[in-house]
Amino acid sequence: MSPTDLGARSLDLTDPAAFVDNDVHAYWRDVRARNPVHWHEPTDRNPGFWVVSRYADVQPLYTDAALGSARGNVLDVVLRGDDSAGGSMVAVTDAPRHRPLRNLLFSAFTPRVLGEVVEEVGRRTTELVSSVVGRGTFDFAAEIADRIPMDTICDLLSIPAADREELLGWNKRALSSVDAGYDELDAIAARNEIVLYFMDLAQERRDRPGDDVISLIAAAEVEGRPLTVEELAVNCYSLILGGDETSRVSAISGVLALIGHPGQWRALRTGEVSVESAVEEVLRWSTPSFHVARTALRDLEIGGNAVRAGDIVTLWTVSANNDETVFDAPRRFTLSRSPNKHLSFGHGPHYCLGAYLARAELRMLLTALVEQVGRMELCGTPRPIYSNFLNGYDDLPVRFEGI
Ligand code: HEM
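The number in the numbering used here is simply the position in the sequence shown, starting from 1, with 21 added.
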C-alpha cells in the first residue's frame with residue numbers, strides 16, 4: 022500500500038513499526054485533511070484514545086486544564102495504566118502541585134549555573150567537531166550527538182564523571198530501542214536503575230550539601246515540606262529523561278537535514294541566515310517527540326467530539342508542526358522561516374524546562390559546524406528509532422571535510 026492510500030484511521034499509532042515503515046508526514050497530512058480529531062479504535066493489547074492533529078486544536082489543548090498529565094504524558098505509559106511517578110515528577114504532576122514544583126526546579130537553574138553549563142557545552146562541542154573533521158567516515162550519533170546532551174545535564178546536576186556512561190546506557194534502554202526486539206521488562210529495569218542511582222545521590226547531597234542543583238532542590242520546600250528522597254530522584258530522572266534523547270535526536274536530524282539541503286547549509290555558512298533562526302527550523306523539522314499524551318479530567322469537547330472524563334487524548338506535535346495552515350510548505354527545510362512557532366517544546370504549563378539549554382546545545386553545534394566544516398556527506402542509510410514517541414535516528418554515518 023502506498024503511504025497516500027493509508028486512510029486516516031488505518032495506522033496503528035500504538036505500534037512503533039508504524040513510524041518506521043510508513044511515510045509519517047503523508048499520513049498526518051491525510052489525517053489533518055480528512056479526520057483531524059478522531060477516536061483511535063482499541064487494539065488487541067490497548068484501549069482506544071483520541072487523536073488530535075491540527076495546530077489550531079493541539080496548541081490550545083496544551084493549556085487546557087481539563088486535560089491532566091498525572092497518569093502519564095507518553096502514550097505507551099498511559100495505555101499501560103498510571104505513571105508510577107504521577108504526582109511526584111514535574112512532567113506528570115497536575116495543578117495545584119505542578120506550579121510550585123516546577124518553580125523550584127526552575128529556580129535551581131540559576132543564570133550562573135546555566136552560564137557555566139553553556140560555556141562548557143561550547144567548549145566540548147568545538148572539541149568534538151574538531152576531532153572528526155577530515156577523519157573519514159564516522160557515526161555522528163555515537164561520536165558527537167550522544168555525548169553532548171548527557172554531559173550537559175550531568176554538569177547541571179554535578180554528576181560524577183565516572184557514573185556518566187552507565188547513566189547513558191540505562192537511559193537508552195529506558196526510552197527507545199534500535200529494532201523490533203524491544204524488551205519492556207528491560208526498559209522498566211533500566212528506569213529503576215536510574216531512580217535508585219538518584220536516590221543514593223539525593224541522600225548524599227542532602228547529608229552533605231554543595232552548591233549544585235540537586236543540593237539546592239533538596240534543601241527547598243514545596244507546599245510546606247521538603248521533597249522526599251524518592252521525589253528528588255524522579256525529578257532528577259525527569260531532567261535526564263527529558264533532556265538527553267530529545268536533544269540527541271534533534272542534533273542528528275539537524276545534521277541529516279543540512280546534508281540533504283546543501284543550499285540551506287550554504288546559507289548558514291555564509292551568514293545569510295542566523296544560527297538562532299536555523300535552530301528553530303531544526304527543532305520544527307525534527308520534532309523530537311511525536312506526541313504528548315493527556316487524560317481528560319472532566320468531560321470536554323474537542324473539534325465537535327464529546328470527550329469523556331477518563332478518556333486518553335493524544336496531541337500529535339509532529340502533525341501540528343507540519344500543519345500547512347500555519348507553516349508555509351512545511352516539508353521544505355527553510356532555515357530563515359519566520360514566524361516559526363513550532364510546538365517541539367510543548368506549550369503552556371508544562372513547556373519544556375530545558376528549552377534554553379536545548380537551544381544552546383543546537384546553537385553551539387551549528388556554530389562549531391560553520392566554523393570548522395566545509396562539506397558534509399552522508400555515507401550510509403541512518404537507522405530510524407523504533408518508537409512511536411521519539412522521532413529520529415539511532416545512527417548517522419557521515420564524513421566531514423574541513424574548510
Ligand atoms: C517538558 C521537549 C530538552 C527537561 C518537555 C515537553 C516537551 C519537551 C515537548 C512538554 C511535555 C508535556 O507537555 O507533557 C524537549 C525537546 C528537547 C528537550 C524537543 C530537546 C531538543 C530538554 C532538556 C531538559 C528537559 C535539555 C533538561 C535539562 C524537561 C522537563 C520537562 C520538559 C523537566 C517537564 C516540564 C513540566 O512538566 O513543567 N520537553 N525537551 N528537556 N522537558 Fe524538555
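For every residue, glycine included, the Cβ atom is placed at its ideal position computed from N, Cα and C.
### Sheet register partners of Ile323 (DSSP bridge)
Against the sequence shown, residue 323 aligns to sequence position 302. In the DSSP secondary-structure assignment, Ile323 is bridged to Asn326.
### Query
Can the beta-carbon of Phe5 be found less than 8 Å from the beta-carbon of Phe40?
A question about residue 5 goes unanswered here, because the residues of the chain that appear run from 22 up to 424.
### Query
Alpha carbon to alpha carbon, how far is His368 from Phe410?
Reading the sequence shown from its first residue, position 347 is the one you call residue 368. Reading the sequence shown from its first residue, position 389 is the one you call residue 410. Answer to the nearest angstrom: the Cα atoms are 17 Å apart.
#### Entry: Own chain partners of Trp191 with C-beta closer than 6 Å, once the 5 adjacent residues on each side are dropped
Residue mapping note: residue 191 aligns to position 170 of the sequence shown, counting from 1. Non-local beta-carbon contacts of Trp191 in its own chain, meaning distances under 6 Å to residues more than five positions away in sequence, involve Ala211, Glu214, Ile215 in chain order.
### Task
With DSSP collapsed to three states, give me the class of Trp71.
Walking along the sequence shown from the start, residue 71 turns up at place 50. Looking at Trp71 - three-state DSSP - the assignment turns out to be strand.
### Minimum C-alpha distance to Asn56 - residue among Arg66, Tyr377, Ser31
Taking the sequence shown and counting its residues from 1, the one referred to as residue 56 is at position 35. That would be Ser31, whose Cα lies nearest to the Cα of Asn56.
#### Entry: beta strand (DSSP E) segments (min. 3 residues) lying fully within the stretch 48-120
Under the rule that a run must span 3 or more residues, the beta strand (DSSP E) segments found entirely inside the stretch 48-120 read 58-61, 70-73.
### Query
Who are the Cβ neighbours of Glu398 in its own chain at under 6 Å, not counting the five residues just before and after it?
Sequence index remark: in the sequence shown, residue 398 carries index 377 (1-based). Excluding positions up to five away in sequence, the list reads Arg420.
### Query
Along the chain, which unbroken stretches of the alpha helix (DSSP H) at least 4 residues long are found entirely within the stretch 354-423?
Counting only runs of 4 or more, we get 376-393.
### Query
So the beta strand (DSSP E) Arg226 belongs to, where does it begin and stop?
Numbered from its first residue, the sequence shown carries residue 226 at position 205. Taken as a continuous stretch (DSSP letters only), Arg226 belongs to no beta strand (DSSP E), being part of the alpha helix (DSSP H) at 205-228.
### Query
Any idea if Asp51 is buried or exposed, counting beta-carbon neighbours within 10 angstroms, 16 or more meaning buried?
Here residue 51 corresponds to residue number 30 of the sequence shown, with the count starting at 1. The Cβ neighbour count for Asp51, taken over all protein chains shown within 10 Å, is at least 16; the residue is labelled buried.
### Task
Assuming Leu277 contacts Pro418 (C-beta within less than 8 Å), just tell me the rounded distance between them.
Numbered from 1 along the sequence shown, position 256 holds the residue referred to as residue 277. Numbered from 1 along the sequence shown, position 397 holds the residue referred to as residue 418. Incorrect: roughly 11 Å between the Cβ atoms, too far for contact.
#### Entry: Status (buried if at least 16 other CB within 10 Å, exposed otherwise) for Cys257
The residue given as residue 257 occupies position 236 in the sequence shown. Under a 10 Å Cβ-count criterion, Cys257 is classified as buried, with 16 or more other Cβ atoms of the shown protein chains found around its own Cβ.
### Tyr372 versus Arg66, Asn43, Asp78, His119, residue with shortest Cα-Cα distance
Locating residue 372 in the sequence shown gives position 351, where the first residue counts as 1. It is His119 whose Cα lies nearest to the Cα of Tyr372.
### Task
Run the CB neighbour count on Arg53, radius 10 Å, all protein chains shown included, and call it buried at 16 or more, exposed below.
Locating residue 53 in the sequence shown gives position 32, where the first residue counts as 1. By the 10 Å Cβ count, Arg53 comes out buried.
### Query
Does the pairing of the stretch 150-159 with the stretch 122-134 give three or more beta-carbon distances under 8 Å?
Counting Cβ pairs under 8 Å, fewer than three are found: no touch.
### Query
Alpha carbon to alpha carbon, what distance is there between Glu186 and Ala195?
Taking the first residue of the sequence shown as position 1, residue 195 is located at position 174. Taking the first residue of the sequence shown as position 1, residue 186 is located at position 165. Rounded to whole angstroms, Ala195 to Glu186 spans 14 Å at the Cα level.
### Task
Using three-state DSSP, classify Leu34 as helix, strand or coil.
Here the question's residue 34 lines up with position 13 in the sequence shown. Three-state DSSP puts Leu34 in coil, outside helix and strand.
### Per-residue DSSP class, three states only, for Val154
Sequence index remark: in the sequence shown, residue 154 carries index 133 (1-based). The three-state reading of DSSP puts Val154 in coil, since its state is none of H, G, I, E or B.
#### Entry: Local Cβ density within 10 Å of Arg229, reported as buried at 16 or more and exposed below that
Mapped onto the sequence shown, residue 229 falls at position 208. With fewer than 16 Cβ atoms within 10 Å of its Cβ, Arg229 is classed as exposed.
### Message
In whole angstroms, give me the CA-to-CA distance for Tyr377 and Ser268.
### Response
Within the sequence shown, residue 377 is the residue found at index 356, counting from 1. Within the sequence shown, residue 268 is the residue found at index 247, counting from 1. Each residue's Cα considered, the two are about 12 Å apart.
### Query
Where does Glu425 land, buried or exposed, given buried means 16+ other C-beta within 10 angstroms?
Any answer about residue 425 is impossible in this case: the structure gives the chain only from 22 up to 424.
### Task
Consider the C-beta atom of Gly263 and the heavy atoms of the ligand HEM; say whether any pair is separated by less than 7 Å.
Locating residue 263 in the sequence shown gives position 242, counting from the first residue. Within the cutoff, so yes.
#### Entry: Three-way DSSP call (helix, strand, coil) for Val276 in this model
Taking the first residue of the sequence shown as position 1, residue 276 is located at position 255. Of the three classes helix, strand and coil, the one that applies to Val276 here is helix, per DSSP.
### Task
Tell me where the alpha helix (DSSP H) around Val234 begins and ends.
Residue mapping note: residue 234 aligns to position 213 of the sequence shown, counting from 1. DSSP places Val234 inside the alpha helix (DSSP H), whose first and last residues are 234-240.
### Query
Mind checking Pro81: buried by the 16 CB within 10 Å criterion, or exposed?
To locate residue 81, count along the sequence shown from 1; it is residue 60. With fewer than 16 Cβ atoms within 10 Å of its Cβ, Pro81 is classed as exposed.
### Query
Counting pairs of beta carbons, one from the stretch 337-350 and one from the stretch 58-75, are three or more of them closer than 8 Å?
Touching, yes, given that three or more Cβ pairs across the two stretches are closer than 8 Å.
### Message
Here's the rule: buried if 16 or more other CB atoms are within 10 angstroms of the residue's CB, otherwise exposed. What is Arg92?
### Response
As a working note, residue 92 is residue 71 in the sequence shown. It is buried - the Cβ of Arg92 has at least 16 other Cβ atoms within 10 Å.
### Query
Any heavy atom of the ligand SAM closer than 7 Å to the CB of Gly367?
Because the ligand SAM does not appear in the structure shown, any question about it cannot be addressed here, the ligands present being the ligand HEM.
### Query
Looking at the unbroken beta strand (DSSP E) that takes in Thr316, where does it start and where does it end?
The sequence position of residue 316 within the sequence shown is 295, counting from 1. According to the DSSP assignment, Thr316 belongs to the beta strand (DSSP E) that extends over 313-317.
### Task
Kindly identify the DSSP beta-bridge partner or partners of Ser271.
Within the sequence shown, numbered from 1, the residue matching residue 271 stands at position 250. DSSP, once it has assigned bridges, lists no residue as partnering Ser271.
### Query
Measuring CA to CA, which of Leu289, Ile238, Arg144 is closest to Leu387?
By 1-based counting over the sequence shown, the position of residue 387 is 366. Sorting Leu289, Ile238, Arg144 by C-alpha distance to the C-alpha of Leu387 places Leu289 at the top.
### Message
What does the Cβ neighbour count give for Pro132, buried or exposed, with the cut at 16 atoms within 10 Å?
### Response
As a first step, residue 132 must be located in the sequence shown, where it is residue number 111. Flag for Pro132 reads exposed.
### Given Val328 as reference, the closest of Asp36, Gly395, Asp221, Phe70 once Cα atoms are compared
Along the sequence shown, read from residue 1 onward, the residue named residue 328 stands at position 307. Minimum Cα distance to Val328 is reached at Phe70.
### Task
Say yes only if the C-beta of Pro132 is nearer than 7 Å to one or more non-hydrogen atoms of the ligand HEM, and no if none qualify.
Here residue 132 refers to the residue found at position 111 of the sequence shown. If you check the C-beta of Pro132 against the ligand HEM, you find no heavy atom less than 7 Å away.
### Message
Taking contact to mean 3 or more Cβ pairs, one atom from each stretch, closer than 8 Å, check whether the stretch 307-326 and the stretch 279-294 are in contact.
### Response
The way I'd put it, the stretch 307-326 doesn't touch the stretch 279-294; fewer than three beta-carbon pairs between them come closer than 8 Å.
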